[in-house]
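What follows is a short report on a single structure.
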């Protein structure tokens, strides 16, 4: 009996170590070639856009542009406005999104409201940003009777919220059930298990979702046109029109002034750099999570 098993094992090992048939090898190389070719084809538009922006914008990049307003041929007020608006959106969306994700993953598996909330969150991820801008215009701008950074932050919060909710829920679901059982075995309550064990273990995934939501919101233009509007000079406060990098590019793209045209391309480099930094940071978080 043992001899037959050994014989079958040897035959299987020989078969696994034997070279692949020529047809399999040709098929593998062909599929790899097609995959690399399609990947290169997909990268052509992206690389061409990046090259065009760098070629046209890098020549006009000056250090003093970071501290000057648009009216003085700079983009310092737009950078500050973008940071403020995104920060307001993050303050409104991150706590709400995380708590909603925890509710969906941990407290309401059998609650009929769960599927409705999850469905609405999924729908919101596909809503056009201009529709979100019109909604924020009706909710905030018409009520306060003025464009403001708060209205822009509210619009970005609506865009960020479903991303944070869904990533938080999925991150919590990836935590093994054994950790929950171990906490319960040691006398931990459900509240302690969720917030001290499960949420702590899911922090890298939750952080990744937050960073991805911030990167998406930082590049949005349409919602800010309806809410924060624009300002050529430094903003007077959170309740006044506020400049932002995407809207700056939108407003000045067709300006006949050569300096303003150059400012648009230079601003594009700055905006891409900010989004790239956030994206790289999210990748580092994912990599650290995999290592752990």
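In this note's numbering, the protein residues as written are 210 to 501. All C-beta atoms, glycine included, are put in the ideal place defined by N, C-alpha and C. As the structure is a prediction and not an experimental result, all values here were calculated from the model.
C-beta contact flag for residue 350 and residue 360 at 8 Å: Taking the chain shown and counting its residues from 1, one reaches residue 350 at position 141. Taking the chain shown and counting its residues from 1, one reaches residue 360 at position 151. Contact: yes.
According to DSSP, is residue 435 helix, strand or coil? As a first step, residue 435 must be located in the chain shown, where it is residue number 226. Residue 435 falls in the helix class under three-state DSSP.
Looking at residue 429 and residue 282, is the spacing between their C-beta atoms short of 8 Å? As a first step, residue 282 is located in the chain shown; it is residue number 73 there, counting from the start. As a first step, residue 429 is located in the chain shown; it is residue number 220 there, counting from the start. It is not a contact, given that the beta carbons lie outside the stated cut-off.
Can we say the region 342-357 touches the region 382-399, given the rule of at least three CB pairs closer than 8 Å? no
Please return the same chain residues whose Cβ sits closer than 8 Å to the Cβ of residue 259, not counting the five positions on each side in sequence. By one-based count along the chain shown, residue 259 stands at place 50. These residues qualify, in order along the chain: 481.
How many whole angstroms separate the CB atoms of residue 323 and residue 333, which I take to be in contact at a CB cut-off of 8 Å? For this step, residue 323 is matched to residue 114 along the chain shown. For this step, residue 333 is matched to residue 124 along the chain shown. Between residue 333 and residue 323 the Cβ distance is about 16 Å, and since that is not below 8 Å, they are no contact.
With contact counted as at least three CB pairs below 8 Å, one residue from each stretch, are the region 286-298 and the region 438-458 in contact? yes
What is the residue span of the alpha helix (DSSP H) that residue 334 lies within? Taking the first residue of the chain shown as position 1, residue 334 is located at position 125. Segment 321-334, the alpha helix (DSSP H) holding residue 334.
Do the CB positions of residue 364 and residue 342 come within less than 8 Å of each other? Here residue 364 refers to the residue found at position 155 of the chain shown. Here residue 342 refers to the residue found at position 133 of the chain shown. It is a contact, given that the beta carbons lie within the stated cut-off.
Using a Cβ-Cβ cut-off of 8 Å (strictly less than) and excluding sequence neighbours within five positions of residue 436, which residues of its own chain qualify? Along the chain shown, one-based indexing puts residue 436 at 227. Closer than 8 Å at Cβ, skipping near neighbours: 342, 345, 346, 349, 350, 356, 357, 360, 361, 363, 364.
C-beta atoms of residue 295 and residue 416 nearer than 8 Å: Taking the chain shown and counting its residues from 1, one reaches residue 295 at position 86. Taking the chain shown and counting its residues from 1, one reaches residue 416 at position 207. No, they are not a contact pair.
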